[in-house]
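Trainee:
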Amino acid sequence: MGEKKSFALRIDAETMKAIEKWAADEFRSVNGQIEWMLHKALKESGRLKKSVEKKDKE
Numbered sequence: 010m011g012e013k014k015s016f017a018l019r020i021d022a023e024t025m026k027a028i029e030k031w032a033a034d035e036f037r038s039v040n041g042q043i044e045w046m047l048h049k050a051l052k053e054s055g056r057l058k059k060s061v062e063k064k065d066k067e
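If you're matching positions, the sequence shown starts at 10 in our numbering and goes up one per residue.
1) Rounded C-beta distance between Ala32 and Gln42? I'm assuming under 8 Å.
2) Give the secondary structure of Ala17 by DSSP, where H, G and I count as helix, E and B as strand, and everything else as coil.
3) Which stretch, first to last residue, makes up the alpha helix (DSSP H) that contains Lys58?
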């Protein structure tokens, strides 16, 4: 995925609780879970560059 950038994220408590549970269920950190969710959504919507999609398949 290349260089990672930091940013603050404001999210409601109910959504955060659901993400924390999902992350725990899959043995991921909350940060890792959010990154995975965003990446999956971008890939499924066709918004990722082809080079990023190719790296995922390798």
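For each residue, glycine too, the CB sits at the ideal point set by N, CA and C.
Mentor: Put simply:
1) 4 Å
2) coil
3) Careful: Lys58 lies outside any alpha helix (DSSP H) and carries neither H nor E.
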